[in-house]
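Input: a single structure, listed below in structure tokens.
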Amino acid sequence: MATQVSNAVYNSSFCPDYASFFGFAGAGLATIFSSIGSAYGTAKAGMGIAGMGTFRPELIMKSLIPVVMAGIVAVYGLVVSVLIAGQLEDKPYSLFSGFVHFFSGITTGLTGVASGYAIGIVGDYCVRGYGQQAKLYVSMVLILIFAEVLGLYGLIVSLIMNTKANNTTCI
């Protein structure tokens with residue numbers, strides 16, 4: 007009997023009722039921050055496309071690459087949010103898992119902001135430059151790939167962190 011009571015105290019200290027808050031916050035912040043980065047990148051690159059399109063409308067379709075790449079950043083946040091939400095159930099949830107999910111979401115979200123910001127600025131200036139000099143296209147795509155990979159790194163780190171979450175201390 008004493009063993010059961012000590013296990014209950016042990017488990018309740020590592021699995022408090024508020025632990026799931028951190029998991030939900032991580033899922034929300036991954037989506038929110040990566041969507042903010044995606045929206046900024048889309049808006050900033052869209053301004054460049056609109057500015058260039060008035061002078062060279064035949065190049066608009068090739069200039070949509072920054073907008074597409076900025077949209078992918080939001081997908082990274084969505085993927086992490088779905089993975090985190092899939093592990094949130096109505097059963098004991100450890101504080102360790104809550105913190106892992108929280109920082110997993112923050113990692114994806116903030117790298118999504120950085121990636122979207124970089125894509126937006128590169129997309130704006132490179133699309134305008136591409137309107138003046140067609141040789142800039144390959145350089146623009148390469149720089150955009152390096153800007154996009156920032157968000158991908160955050161996704162990879164979040165996926166690795168997410169595999170470390172467990173609720174074995176909650177029985």
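When the letters of the sequence shown are read in order and numbered with the working numbering, they come out as residues 7 to 177.
By construction, the Cβ of each residue, glycine as well, lies at the ideal position given by its N, Cα and C atoms.
Bounds of the alpha helix (DSSP H) holding Asp-130 are 101-138. DSSP places Lys-50 within a helical segment (H, G or I) once states are collapsed to three. The beta carbon of Tyr-131 sits closer than 8 Å to the beta carbons of Gly-54 from its chain, once the five residues preceding and following it are set aside; these are given in chain order. Around the Cβ of Gly-47, a 10 Å sphere holds 16 or more other Cβ atoms; the residue is buried. Only exposed fits Ala-56, as fewer than 16 other CB atoms lie within 10 angstroms of its CB. Classified as buried, Gly-115 has 16 or more neighbouring CB atoms from the shown chains inside 10 Å of its CB. For the pair of segments examined, the stretch 64-79 was found not to touch the stretch 98-113: the number of CB pairs separated by less than 8 Å stays below three. Short of 7 Å from the beta carbon of Phe-28, and not among the five residues preceding or following it, lie these beta carbons of its own chain, in chain order: Gly-104, Phe-105, His-107, Phe-108.
Scanning Ile-125, Ile-90, Val-144, Ala-171 for the CA closest to the CA of Gly-43 turns up Ile-125. If only uninterrupted beta strand (DSSP E) runs of at least 3 residues are considered, none is enclosed by the stretch 15-96.
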